[in-house]
Amino acid sequence: MKIVKLDAIDSTSSYLKQLMLSNLLDDFFVVTAKKQLSGRGQMGTKWNSEPGKNLTASILKKFTHLPITRRFYLNMVVSLAVFKTLEKLGTPNLSIKWPNDILSGNFKICGILIENMISGDTIKSTIIGIGLNVNQTAFPALPNASSLKLLLGREVDLDELLMNLIEELRRLFLGFETMNDEGLQMKYEARMFRKDKPSAFELPDGNRLSGSIRGVSAGGKLIVEHEKALLKEYGFKEVKLLY
Amino acid sequence: MDIKEIQNLIKFVAKSGASEVKLEMDDVKITIRTGAREGGQETTYVQQIPVAAAPVAATPPAADTSATPAEAAPSKAAEDDSKFITIKSPIIGTFYRKPSPDKPAFVEVGDNINKGDVLCVIEAMKLFNDIESEVSGKIVKILVDDSSPVEFDQPLFLVDPS
Chain A
1 MKIVKLDAID STSSYLKQLM LSNLLDDFFV VTAKKQLSGR GQMGTKWNSE
51 PGKNLTASIL KKFTHLPITR RFYLNMVVSL AVFKTLEKLG TPNLSIKWPN
101 DILSGNFKIC GILIENMISG DTIKSTIIGI GLNVNQTAFP ALPNASSLKL
151 LLGREVDLDE LLMNLIEELR RLFLGFETMN DEGLQMKYEA RMFRKDKPSA
201 FELPDGNRLS GSIRGVSAGG KLIVEHEKAL LKEYGFKEVK LLY
Chain B
1 MDIKEIQNLI KFVAKSGASE VKLEMDDVKI TIRTGAREGG QETTYVQQIP
51 VAAAPVAATP PAADTSATPA EAAPSKAAED DSKFITIKSP IIGTFYRKPS
101 PDKPAFVEVG DNINKGDVLC VIEAMKLFND IESEVSGKIV KILVDDSSPV
151 EFDQPLFLVD PS
């Protein structure tokens with residue numbers, strides 16, 4: 001496995017993408033940075049992190065033939081690999097907040113940014129961007145953020161954590177291209193934040209309604225059951241879970 | 001209850017493993033029977049109860065439950081675009097012409113592109129999909145505005161391959 005360790009870079013995922021243009025990179029090629037100058041979250045949002053204290057890494061995964069219709073299952077594998085890695089450390093009350101934030105209790109500790117390279121109707125490769133709060137202990141203006149150190153009461157070695165994560169990704173991606181998706185979906189849904197719990201949701205127009213998360217559709221939409229057994233599917237940003 | 005809700009209901013029942021679900025609401029009565037547990041054929045009956053209620057749009061029997069909900073995008077006037085190649089969206093999502101808001105667009109009209117060049121990003125469920133060109137040529141037209149929603153199979157770019 002090859003790792004490029006950088007002191008500072010605009011974004012590890014952007015750097016990895018640049019590298020791919022001129023080099024044939026191996027599966028699980030990794031780029032890490034102590035400091036990201038413009039770490040990215042969702043389109044147009046930033047991922048900020050204290051230098052040297054957290055795991056900011058981008059990992060390349062290549063596929064031989066992965067239909068684009070399975071893109072959300074790819075997201076499930078990545079989310080479950082991060083979940084498992086943190087579970088093995090003893091992180092309490094872990095869950096996956098749809099589509100791919102990792103929470104401990106009500107606190108977000110890890111964000112995932114997945115970028116797929118699409119040719120025709122297949123995913124040729126994907127860049128998995130991980131932003132995991134490890135040894136940072138202050139999160140000003142982010143009341144919903146926490147870190148492994150705050151949760152576990154000890155420092156966690158960043159290199160070891162990265163190795164554990166890569167190992168978990170390798171294990172879960174093994175046979176993924178020929179795997180049946182049902183088992184994967186069950187595993188993902190079983191770990192979803194607030195699954196089957198009465199929750200409040202806010203729609204983009206500001207209206208609020210109650211319901212319970214029941215799972216995800218094949219395309220990755222969130223399935224919420226409202227009153228009178230009315231099921232609705234929501235895309236990202238079509239609904240906000242209040243917690 | 002609209003068709004989409006009925007489709008969702010069918011999907012949910014099929015997934016739940018139940019063999020039959022009956023649902024009665026103010027103006028509709030639906031019976032969904034699934035086939036074998038192994039996801040065999042499914043039969044669906046949707047019956048409109050003739051009540052003097054407000055007219056509801058006719059609810060056709062949702063026969064094809066596996067079909068993706070995405071509908072073919074409106075195909076505009078063919079004109080003389082026949083010599084061009086249309087690049088269509090492989091998924092439903094949000095179309096972005098730039099890698100991030102503060103960066104220049106991947107391609108502009110008049111640009112020459114090569115096979116493998118990234119043309120746009122389509123975001124769906126927070127997954128970002130860089131769409132690569134499968135052809136080489138010149139961008140003749142960009143058919144969708146930045147940051148707007150696109151359907152499956154909706155035309156995005158016209159490319160002159162010559």
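Note that the protein sequences, when read in sequence, are chains A and B. When the count follows full-length UniProt numbering, it moves up by one through the first sequence with no breaks and lands on 243 for the last residue. When the count follows full-length UniProt numbering, it moves up by one through the second sequence with no breaks and lands on 162 for the last residue. Each residue gets a CB set at the ideal place from its N, CA and C atoms; glycine is no exception.
DSSP three-state label for residue i, please.
i: Q36/A; result: strand
i: V140/B; result: strand
i: E238/A; result: coil
i: F152/B; result: coil
i: R194/A; result: coil
i: F83/A; result: helix
i: D130/B; result: strand
i: V78/A; result: helix
i: residue 163/B; result: The first residue shown for chain B is 1 and the last is 162, placing residue 163/B beyond what the model contains.
i: K4/B; result: helix
i: E155/A; result: coil
i: S89/B; result: coil
i: residue 269/A; result: Nothing about residue 269/A can be read from this structure; chain A reaches only from 1 to 243.
i: M20/A; result: helix
i: D101/A; result: strand
i: K61/A; result: strand
i: S217/A; result: coil
i: Y243/A; result: coil
i: G90/A; result: coil
i: M179/A; result: coil
i: A141/A; result: coil
i: M117/A; result: strand
i: V56/B; result: Legend: pLDDT at V56/B = 47, less than 50; position of this residue unreliable, value from coordinates given subsequently. Correct three-state label for V56/B: coil.
i: S11/A; result: coil
i: L184/A; result: helix
i: L45/A; result: Residue identity check: residue 45/A is Thr in the sequence provided, not Leu. Here T45/A sits in coil by DSSP.
i: I223/A; result: strand
So residue i and residue j are in contact, right, with Cβ under 8 Å, and what is the actual spacing, rounded?
i: L132/A; j: N54/A; result: 6 Å
i: K115/B; j: S133/B; result: 6 Å
i: I122/B; j: T94/B; result: 7 Å
i: V216/A; j: W98/A; result: 7 Å
i: V150/B; j: I92/B; result: 7 Å
i: V77/A; j: L184/A; result: 7 Å
i: P32/B; j: P90/B; result: Here residue 32/B is Ile; the residue named in the question, Pro, does not match the sequence. Rounded, the Cβ-Cβ distance is 31 Å, inconsistent with contact.
Would you decide whether residue i is buried or exposed? Buried here means 16 or more other CB atoms lie within 10 Å of its CB.
i: S210/A; result: exposed
i: T85/A; result: buried
i: K4/B; result: exposed
i: P161/B; result: exposed
i: L151/A; result: buried
i: R214/A; result: buried
i: S13/A; result: buried
i: Q18/A; result: exposed
i: E155/A; result: exposed
i: E168/A; result: buried
i: N207/A; result: exposed
i: G137/B; result: buried
Below 8 Å between beta carbons: does that hold for residue i and residue j?
i: E115/A; j: T122/A; result: no
i: L21/A; j: L60/A; result: no
i: K221/A; j: E233/A; result: yes
i: V118/B; j: I142/B; result: no
i: Y243/A; j: N135/A; result: no
i: I118/A; j: N129/B; result: yes
i: L156/B; j: R71/A; result: no
i: K149/A; j: T137/A; result: yes
i: F236/A; j: M125/B; result: yes
i: Y188/A; j: I96/A; result: yes
i: Y73/A; j: D181/A; result: yes
CA-CA distance, residue i and residue j?
i: E225/A; j: N8/B; result: 11 Å
i: G90/A; j: T69/A; result: 34 Å
i: M186/A; j: I139/B; result: 44 Å
i: S104/A; j: M192/A; result: 12 Å
i: F29/A; j: A57/A; result: 10 Å
i: Q42/A; j: L113/A; result: 7 Å
i: I109/A; j: T32/A; result: 18 Å
i: S1/A; j: K15/B; result: Checking the displayed sequence, the identity of residue 1/A turns out to be Met instead of Ser. So the two alpha carbons sit approximately 40 Å from each other.
i: A229/A; j: K98/B; result: 41 Å
i: F106/B; j: D81/B; result: 23 Å
i: P67/A; j: D111/B; result: 29 Å
i: I166/A; j: S79/A; result: 13 Å
i: I87/B; j: S199/A; result: 41 Å
i: K88/A; j: D102/B; result: 39 Å
i: G52/A; j: R171/A; result: 28 Å
i: F173/A; j: D145/B; result: 36 Å
i: L162/A; j: V4/A; result: 13 Å
i: P61/B; j: I10/B; result: Residue confidence is low: P61/B scores 48 on pLDDT, short of 50, so the model does not pin down where it sits. Its coordinate-derived value is still stated next. Their Cα atoms are separated by approximately 11 Å.
i: D101/A; j: V239/A; result: 15 Å
i: A57/B; j: S212/A; result: In this predicted model, A57/B has a pLDDT of only 48, less than 50, meaning its place in the structure is not dependable enough to derive any value.
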